Amino acid sequence: MWQIEALIEYGIRLIDKAAIMNEEKKTVIGNLYSVQTQYDCKFTNFRVMPILLQTGYTITIDYTAHPDYKGNEAYFEKLLKKKDIEFINRDIKKKWSEKNDVAAYLEPATGKIYIDYGSPLRKDEPPLAIMDIHDLGLYLIREAHKQQDRDRVYEWTAYILKFGAISLDDDANAAALIDQYFKEIKGIFYSYDYADYKPVDEALTIFPPGAKDSDGFTEWAIGEGLAEGQVLAYFFEKVA
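Residue numbers for the sequence shown, in UniProt numbering: 1 to 240.
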């Protein structure tokens, strides 16, 4: 989904400009990529690789420094003959699986191995702390507001309103969600004028109830009467 790829890429660019320490940036970037893995997306890290390296989210080593290099030289030499980025699993002798996922990736042209934050090859670091999607969304909306980046405010508000329900339990409480997240999100969102705004795609478009060319999501969710619909109804209530 190119829409999600763009959402994540520009989220990372937003965080790059944030006045926070690199440790915090690494955590947020890791959570952004965690969101991306939930969708059918391409491998996009090299779009923002300078940022990933500068923050320490990604580190590089020479391929000969990989802990499994000795005794497996032929495996690595074979990878170096490839043209594209090659992924290296936890156990290099086994195929990818959920238990044997990617631990690093090799750039054949340079012989560099890239290792991202959270990789088992970075044993001396704490594991990535996964944020609730609403916490992540509010964090990014707040940061976008600090930077007066109305595009990111819109996109992350749209994402949370339309995709945030994926993380909700059936008994989710709308009043609690509104109090904890959406009062602030609504206040920030409506502080901007979106009259001339053109969303990047329908998937990240906020359609008020009855809007022309609506994708029908707002009406459906409100009609269902569950927490996500109640949140949407609240979001579209007239702002004083």
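Don't be surprised by glycine CBs; every beta carbon is placed ideally from N, CA and C. Source: prediction; values computed, not measured.
query: CA-to-CA distance, ARG90 to VAL231, given in whole angstroms; result: 42 Å
query: Contact set for PHE235: own chain, Cβ-Cβ below 7 Å, skip 5 residues either direction; result: LEU161, PHE182, LYS186
query: Inside the stretch 77-148 only - beta strand (DSSP E) runs reaching at least 3 residues; result: 86-89, 102-107, 112-116
query: Element boundaries [alpha helix (DSSP H), containing ASP16]; result: 2-16
query: Run of the beta strand (DSSP E) containing ILE59, from where it starts to where it stops; result: 58-62
query: Touching by the beta-carbon criterion (3+ pairs, under 8 Å), the stretch 17-33 and the stretch 129-142; result: yes
query: 9 Å Cβ cutoff, TRP220 in contact with chain B; result: In the structure shown, chain B does not exist; there is a single protein chain.
query: Cβ-based neighbour list, LYS82, same chain, cut-off 6 Å, excluding 5 preceding and 5 following; result: PRO108
query: Integer-rounded CB distance, given that VAL200 should sit under 8 Å from ALA6; result: 6 Å
query: Span of the alpha helix (DSSP H) around LEU32; result: 22-36
query: Burial state of ALA104 (16 or more Cβ within 10 Å); result: buried
query: PHE163 versus ARG47 - alpha carbon distance; result: 24 Å
query: Outcome for ASP149 when other beta-carbon atoms lying within 10 angstroms are tallied against a minimum of 16; result: buried
query: GLN36 and ILE4 closer than 9 Å at C-beta; result: yes
query: Per-residue DSSP class, three states only, for LYS238; result: coil
query: Span of the alpha helix (DSSP H), counted from its first residue to its last, around residue 243; result: With the chain represented from 1 up to 240, any question about residue 243 goes unanswered, as that position is not in the structure.
query: For GLY216, the three-state DSSP class (helix, strand or coil); result: coil
query: From ASP151, ILE141, TRP156, ILE59, residue whose alpha carbon lies closest to that of LYS26; result: ILE59
query: Closest by C-alpha distance to ASP135, when choosing among LYS123, LEU106, TYR117, ASP179; result: ASP179
query: Residues near TYR194 by beta carbon distance below 7 Å, same chain, minus five either side; result: TYR154
query: 6 Å Cβ shell around ASP169 - same chain, five flanking residues per side excluded; result: none
query: Pair within 9 Å by beta-carbon distance, VAL102 and ILE113; result: no
query: For VAL166, the nearest candidate out of TYR39, GLY11, GLU86 (CA to CA); result: Note that residue 166 is Ile in the sequence shown, not Val. It is TYR39.
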